[in-house]
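Visitor:
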Amino acid sequence: MSRSAFAARFKELLGQAPLEYGTEWRMQKAVRLLQQPEKMLFEIARSVGYESDAAFSKAFKRVLGVTPGEHRQNDTQRTQPAGASFCCTLAMMPFSRLWFFSPTEYFPNA
118 MSRSAFAARF KELLGQAPLE YGTEWRMQKA VRLLQQPEKM LFEIARSVGY
168 ESDAAFSKAF KRVLGVTPGE HRQNDTQRTQ PAGASFCCTL AMMPFSRLWF
218 FSPTEYFPNA
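Following this note's numbering, the numbering of the sequence shown begins with 118 at its first residue and continues without gaps.
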């Protein structure tokens with residue numbers, strides 16, 4: 118199966134492109150890691166697949182609208198868990214379907 122066919126089928130099934138899905142998954146993991154005050158930003162960036170904290174910060178702000186530092190600072194002032202609204206948004210997406218993803222089920226000609 119070609120990359121373009123895979124991307125089209127992926128978007129048809131999940132409502133977003135594979136790269137968008139991957140980025141959101143990485144940011145969801147980063148939100149959880151930011152709850153740990155002992156974790157340094159560069160450690161979190163590497164944990165979610167970024168080679169630099171600058172690239173991670175830029176992607177985080179693009180997806181969530183605030184920098185990781187702002188999110189962490191605001192999180193200490195909130196009563197709800199960090200990223201609760203973001204995680205709830207992801208929970209409404211067919212995100213969990215990929216954990217039990219069977220390529221032959223969704224891509225029978227693969």
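From the three backbone atoms N, C-alpha and C, an ideal C-beta is built for every residue, glycine too.
Since this is a predicted model, take the numbers as computed values, not measurements.
Given 8 angstroms as the limit, is there contact between the region 144 to 155 and the region 124 to 134, that is, 3 or more CB pairs closer than that?
Guide: Contact between the region 144 to 155 and the region 124 to 134 is absent, because fewer than three Cβ pairs lie under 8 angstroms.
Visitor: Suppose the cutoff is 8 angstroms on Cβ atoms and the five residues either side in sequence are ignored; what does the same chain contact list for Leu158 look like?
Guide: By one-based count along the sequence shown, residue 158 stands at place 41. Cβ neighbours of Leu158 beyond the five flanking positions: Asp170, Phe173, Ser174, Pro185, Gly186.
Visitor: Give the C-beta separation of Val165 and Arg189 to the nearest angstrom, bearing in mind that I take them to be a contact with Cβ-Cβ under 8 angstroms.
Guide: Here the question's residue 165 lines up with position 48 in the sequence shown. Here the question's residue 189 lines up with position 72 in the sequence shown. Incorrect: roughly 14 angstroms between the Cβ atoms, too far for contact.
Visitor: DSSP three-state label for Lys156, please.
Guide: Position 39 of the sequence shown, counting from 1, holds the residue named residue 156. Coil, per DSSP.
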